[in-house]
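Single-structure report; data block below.
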Amino acid sequence: MAIETATTATLTRSKKQALQFQGLFDYIIGCKCVFEEDSIAAGASSAAVYTVPGCKLGDFVLVGIQSDLGDDIIFTAQVTAANEVTVIATDASAATNTSAATAVNLNLLVLGVDPTYF
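Numbering (our numbering), first residue to last: 15 to 132.
Structure below.
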């Protein structure tokens, strides 16, 4: 997979820049979830969907991993529908990874966008 050429992003400026980072968001939802998968093939991904009341399409989702899985499993997450977050685990190694075979505890932080600034 080739790296795409970067494009110019639109810079968002606001009166809230003097405030803390959370000033750019309408709400912040913190939750925990458990991701379970027996194994993930090299270069493949596995996804799980979680109910997160209050989240909306367009919100940012940050993932924190509470387990040591090594360097080969990458977790990402996104809001895929109202009240629904999809967490994706990708095996970035050259071999099938079984380190996610045990339950992996994750922290999710959903940042609700303020439409005034995004």
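Where a beta carbon is used, it is the ideal one built from N, C-alpha and C, also for glycine.
Note that the structure is predicted; figures quoted are calculated from it, not measured.
| query | result |
| --- | --- |
| Would you decide whether A58 is buried or exposed? Buried here means 16 or more other CB atoms lie within 10 Å of its CB. | exposed |
| Thinking C-beta only, is A55 closer than 8 Å to T110? | yes |
| Should V48 go down as buried or exposed, given a rule of 16 or more other Cβ atoms within 10 Å for buried? | exposed |
| Comparing C-alpha positions only, which one of E50, K70 and K46 sits nearest to L125? | K70 |
| Can you give me the C-alpha to C-alpha distance between N121 and Y64, rounded to a whole angstrom? | 12 Å |
| For S60, which residues from the same chain have a beta carbon less than 6 Å from its beta carbon, with the 5 sequence-adjacent residues on both sides left out? | E51, I54 and A103 |
| Which word fits T117, buried or exposed, when buried means at least 16 other C-beta atoms lie within 10 angstroms of its C-beta? | One detail in the question is off: residue 117 reads as Ala in this sequence, not Thr. It counts as exposed. |
| With DSSP collapsed to three states, give me the class of F132. | coil |
| How is Q36 classed by DSSP in three states: helix, strand or coil? | helix |
| Which residues does DSSP pair with A103 in a beta bridge? | S60 and F89 |
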